[in-house]
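At position 86 of the sequence shown the residue is numbered 86 (our numbering), and the sequence of numbers has no breaks. Take a look at the structure set out below.
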Amino acid sequence: MYCSSPRASRTRVLGLSVLAVLALTVHGGPVRAASGPAPYLDPRLSVGDRVDDLLDRMSLADKLGQMTQPERRYVTPEEVTRYRIGSVLSSGGSAPSPNTPRNWADMYDGLQRAALAAPLRVPMMYGVDAVHGHNNVAGATIFPHDIGLGAARDPSLVRRIGAATAAEMTGTGVDWDFAPCVCVVRDDRWGRTYESFGEVPELPAAMTTLIDGLQGDELGGPASVLATAKHYLGDGGTESGDDRGDTRIPERELRAVHLPPFRAAVKRGVGSVMVSYSSWNGLKMHRNKYLISDVLKRELGFTGFVVSDYNGIDQIDGKRGFTKDEVAAAVNAGIDMVMVPAEWRRFIDYLRDAVKDGTVPMSRVDDANRRILTRKFQLGLFERPMADRAYLKAVGSAEHRALARRAVARSQVLLKNAGGVLPLDDDDRVFVAGRSADDIGMQSGGWTVSWQGAPGPTTKGTTILQGIREVADPSATVTYSRDGTGIDGSYDAAIAVVGEKPYAEYHGDLTTDMGLDGADRKTIDRLRASGVPVVVVLVSGRPLDIAPELPKWNALVEAWLPGSEGAGVADVLYGSTAPTGRLPVTWMRSASQQPINKGDGKKPLFPFGYGLTYD
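Given below as structure tokens:
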């Protein structure tokens, strides 16, 4: 993994001296006494003492600003200063133009300078959904989505991926990651299936090592960013896989299936928890005080802060937009920071009114601020507020791409291998087809540079076709035709790389067909007509309904959504890495079986944990 100077690099150390000097008088508001700096600016004091001192100095406006998170497109630096904004986010695809790592750092530093220009000079945090690498940044390393890492079943590998992601984020200044998703997927029709590590709680719980990688041995260390366990609670169990639907199960099942990964995340010291859009037995999670305040904060002992999802409070009453009552309900339920991308000024007004009329106790506002400020102090933002550009060279580095390639290879699941057609020989004549064979966007899936992802050369990397050509002997024949036309019987094998188009939450929900699309089936049929053995490589975020087609294929490899390093797929196809991946979800015999999970008595096509190798 890329390694550089500690986070306390010269860039960030200079931030401390600037902070101390400019803290004398900013906007006419002195924050230090004549005898010396304000205690909260003194890094020698304990975090608790610093938080106490800062809270005593904060006005209601200061505190409301800390609880508010606008989207970068809807807030100006001047507004960050005026409203004491505590955090800004980039939603999926929201990036500076041009989208380069250095421009991200420039954007971050500009907003951070604006935050530090407020009277108390409280630094902001910047949040992104870096869910499989620093995936909003063009050129960053894109790792396999979580479902592939669940197939790899390697917590130490996941920790290294977290550390690599944190290093790439640190170079751009971004210090808060809305990951990992520790949901337990129970219905593969759900559009977030690939964001889950698997269908049993033990898998996501084991993969909370991503938190260790992101946050480091302790917050504030070299390349340490804040992690977020999401989406609390039960989002993977909604009826019919509805992304914003209702999880209708008894509390005993909620605790047995969906709560354990959050318990594991809290034990690892996760800095924040994000609330789910979904409901539990008809009650929206964004107003569920019992699960947020009583279970998460008191029972599990979570000491970090709780953040809403994007416009999550808008949906509490089922009507478009949010009201003062919804704001009060969310904050009183225990949400500490509210993601209000565009209407953040209205949120501040509503929350101020709710505090003044007693609907939201001041103690609740103080508790929220204490939790937020504690993490900011622990991250070292008061001493080192600016981007650490020494880490810019980590973005998309050769080391990180090599790590991603290993992760891709470890995630491949060999589901069928009739006649031992795999592994291929280095000098085999191979015909490659399929719309996912030579397409970075298709193999990376959603949450890649844009929210829903897109086909095409959306970022840098190695396609599966390029990987095959790299791994095969230089003298070997590797022919490519996107739709399979042109093949004849002279080839030793044909590889069809097919599957799903990119998608993300909500838009990715399926209600009917879960099979291959017609173009993919026609491509495979053309290959089969040649009489050449056909290897199907599925690029998908979930199991697909392929049982009727499977007898016609000689081999089947589930590649999931491998990300930017397609050579890892080729490593398995050619046997330089043996397939060791095992299914993190049960593979349905037909879509009509959904939901289907381990132990439910339904007969699957492939059971949870299934996976062949070459031995």
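Each residue gets a CB set at the ideal place from its N, CA and C atoms; glycine is no exception. This one's a predicted model, so the numbers in the text were calculated from it and none came from an experiment.
- Beta-carbon to beta-carbon, G489 and G453 are separated by about 37 Å, too far to satisfy the 8 Å threshold.
- Exclusion of the five residues before and after A559 leaves Q412, V537, L538, V539, V569 as the residues of its chain whose Cβ lies within less than 7 Å of its Cβ.
- The segment 171 to 184 and the segment 430 to 441 do not touch, with fewer than three beta-carbon pairs separated by less than 8 Å.
- Residue pairing of T374 in beta bridges, as defined by DSSP: absent, with no partner found.
- The beta strand (DSSP E) runs of length 3 or more contained entirely in the segment 375 to 424 are, from start to end of the chain, 413 to 417.
- With fewer than 16 other Cβ atoms inside 10 Å of its own Cβ, G48 counts as exposed.
- Under the DSSP assignment, Y277 falls outside any beta strand (DSSP E); it carries neither an H nor an E label.
- The beta carbon of T613 lies closer than 7 Å to those of L414, A578, P579, T580 in the same chain, with the five residues before and after it left out.
- The C-beta separation of F377 from R50 comes to about 6 Å, placing the pair in contact by the 8 Å criterion.
- Within the segment 38 to 88, the complete alpha helix (DSSP H) runs of at least 4 residues fall at 47 to 57, 60 to 66, 77 to 82.
- When S87, V137, E549 are compared, the shortest CA-CA separation from R113 is found for S87.
- For the segment 468 to 548, the full-length beta strand (DSSP E) segments reaching 3 residues or more read 478 to 481, 493 to 499, 534 to 539 along the chain.
- According to the DSSP assignment, A95 belongs to no alpha helix (DSSP H), since it is labelled neither H nor E.
- In this structure, the beta-carbon distance from L54 to L544 does not fall below 8 Å.
- Under DSSP, D246 forms a beta bridge with S279.
- Secondary structure of L556 (DSSP, three-state): strand.
- DSSP places E565 within a strand segment (E or B) once states are collapsed to three.
- Around the beta carbon of S475, fewer than 16 other beta carbons sit within 10 angstroms, so the residue counts as exposed.
- Cβ-Cβ separation between A493 and L424: approximately 6 Å, consistent with a contact (criterion under 8 Å).
- Closest by C-alpha distance to L210, out of L203, E168, P261, A163, is A163.
- Contact between S276 and D314 fails: their C-beta atoms lie close to 14 Å from each other, not under 8 Å.
- Restricting attention to beta strand (DSSP E) runs no shorter than 3 residues, the segment 147 to 232 encloses them at 228 to 232, ordered along the chain.
- For the set D309, P551, R528, the Cα lying nearest the Cα of G486 is the one of R528.
- DSSP places M107 within a helical segment (H, G or I) once states are collapsed to three.
- Between G271 and L226, the beta carbon gap of about 4 Å places them in contact (Cβ cut-off 8 Å).
- The Cβ atoms of Y574 and A387 lie no closer than 8 Å to each other.
- Collapsing the DSSP output to three states places F262 in a helix.
- Contact between the segment 133 to 152 and the segment 66 to 74 is not established, with fewer than three Cβ pairs separated by less than 8 Å.
- Closest by C-alpha distance to P551, out of V572, K324, D525, is D525.
- By the neighbour-count definition (other C-beta atoms within 10 Å, threshold 16), S46 is an exposed residue.
- According to the DSSP assignment, M442 belongs to the alpha helix (DSSP H) that extends over 440 to 444.
- E326 is positioned such that its CB atom lies closer than 8 Å to that of D317.
- Boundaries of the alpha helix (DSSP H) harbouring V327: 324 to 333, taken from the DSSP string.
- In the three-state reduction of the DSSP assignment, M125 falls in the strand class, which pools E and B.
- Comparing alpha carbon positions, the residue from N597, D439, G484 closest to G566 is D439.
- The Cβ-Cβ distance between E195 and D146 falls below 8 Å.
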